[in-house]
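**Student:** Oh and the sequence shown: position 19 is 19 in full-length UniProt numbering, straight run, nothing missing. Submitted below is the structure of interest, expressed as structure tokens.
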Amino acid sequence: MVIPLRKQAADEQGTDEHLTLRSGATWATGAARAADARCLLRTLLAHSLHTGRTPVPAPLARDAELVVSELVTNALRHAPGPCGLVLRLSEEALTITVWDTSPSHPTVRDGDRYRVGGHGLRLVHTVSDHVAVTPHGRGKQITAHLRLPRRPGIGADPDRPVAPVPLFGAA
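Below, the structure written as structure tokens:
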């Protein structure tokens, strides 16, 4: 099930530019694909451009795609049953939440360049400003927060230049 963008919700009162855009999907057992989750993210970021928002910088959009891919892939590999994705985009942050049916708390493994696999959660922690794991029903949810740069002229973050997001995987 996919939540259409036109059914987005606002977390706060104010003008359209201050609304939090939301999108999400719920997948049945074995139906989730990281590619579909990335497409949902790209659609949300593209839609945000039509709301008059400052574009999400391309490096941050790529980091968000990595987070979505890794969290959905982990849900597929390590949790039986359905899983879901919720994306929230505000003026301050992009929040990515993936829930699954496994109650096991994931652990960040030490880096090992000779190991195949087991690097995803470390990457999520590396590119995110904050990662939280909380109970969700009989399973858990993992939420990654990626802070957005401030609007140009209002204390903009010099480490994250503002550039438009390439749409649907355009290089």
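Glycine residues also receive a C-beta, built at the ideal position from the N, C-alpha and C atoms. Computed from a prediction, not measured in an experiment: that's the story for all the values here.
Using the C-alpha atoms, what's the distance from TYR114 back to LEU40?
**Tutor:** Along the sequence shown, one-based indexing puts residue 40 at 40. Along the sequence shown, one-based indexing puts residue 114 at 114. Roughly 33 Å between the two C-alpha positions.
**Student:** Please say whether GLU65 and LEU123 have beta carbons closer to each other than 7 Å?
**Tutor:** Along the sequence shown, read from residue 1 onward, the residue named residue 123 stands at position 123. Along the sequence shown, read from residue 1 onward, the residue named residue 65 stands at position 65. Contact flag unset, no.
**Student:** Using DSSP bridges, identify the partner residues of LEU21.
**Tutor:** Along the sequence shown, one-based indexing puts residue 21 at 21. LEU21 is bridged to LEU89.
**Student:** Here's a check: name, in chain order, each residue in its chain whose Cβ is nearer than 6 Å to the Cβ of THR29, leaving out the five neighbours to either side.
**Tutor:** Working through the sequence shown from its first residue, we reach residue 29 at position 29. Excluding residues within five positions, the ones whose Cβ falls inside 6 Å are GLY81, PRO82.
**Student:** Taking contact to mean 3 or more Cβ pairs, one atom from each stretch, closer than 8 Å, check whether the region 44-62 and the region 99-112 are in contact.
**Tutor:** Touching, no.
**Student:** Apply the 10 Å Cβ neighbour rule to VAL131 and answer buried if 16 or more other Cβ atoms are within range, or exposed otherwise.
**Tutor:** Here residue 131 refers to the residue found at position 131 when the sequence shown is read from its first residue. Buried, since its Cβ has 16 or more Cβ neighbours within 10 Å.
**Student:** Starting from the Cα of SER102, find the closest Cα among GLY52, VAL133, ARG62 and give me that residue.
**Tutor:** The residue given as residue 102 occupies position 102 in the sequence shown. The residue with the shortest Cα to Cα distance from SER102 is VAL133.
**Student:** Quick check on the DSSP output: the alpha helix (DSSP H) that includes ARG62 runs from which residue to which?
**Tutor:** What you label residue 62 is simply residue 62 of the sequence shown in a count that begins at 1. That run of the alpha helix (DSSP H) goes 58-78.
**Student:** Looking at the unbroken alpha helix (DSSP H) that takes in ARG122, where does it start and where does it end?
**Tutor:** As a position in the sequence shown, residue 122 is number 122, starting the count at 1. Unbroken alpha helix (DSSP H) run through ARG122: 120-127.
**Student:** Can you round the beta-carbon distance between LEU148 and ALA93 to whole angstroms, since I take them to be within the 8 Å contact cut?
**Tutor:** Here residue 148 corresponds to residue number 148 of the sequence shown, with the count starting at 1. Here residue 93 corresponds to residue number 93 of the sequence shown, with the count starting at 1. The Cβ separation is near 6 Å, so the contact holds.
**Student:** Over what stretch of residues does the beta strand (DSSP E) that includes ALA144 continue unbroken?
**Tutor:** Taking the first residue of the sequence shown as 1, we reach residue 144 at position 144. Start and end: 139-147.
**Student:** Using the Cα positions of VAL127 and GLY52, report the straight-line distance between them to the nearest angstrom.
**Tutor:** As a working mapping, residue 127 is identified with position 127 in the sequence shown. As a working mapping, residue 52 is identified with position 52 in the sequence shown. Rounded to the nearest angstrom, the two C-alpha atoms are 26 Å apart.
**Student:** Given this structure, state the Cα-to-Cα distance separating THR26 from LEU85, to the nearest angstrom.
**Tutor:** The residue labelled residue 26 in the question sits at position 26 within the sequence shown. The residue labelled residue 85 in the question sits at position 85 within the sequence shown. Distance between the alpha carbons of THR26 and LEU85: 6 Å.
**Student:** Between the C-alpha atoms of ALA37 and ALA31, what's the straight-line distance to the nearest angstrom?
**Tutor:** The residue labelled residue 37 in the question sits at position 37 within the sequence shown. The residue labelled residue 31 in the question sits at position 31 within the sequence shown. In a straight line, the C-alpha of ALA37 is about 11 Å away from that of ALA31.
**Student:** Would you identify the three-state DSSP class for ALA28, choosing helix, strand or coil?
**Tutor:** Indexing the sequence shown from 1 puts residue 28 at position 28. Three-state DSSP puts ALA28 in coil, outside helix and strand.
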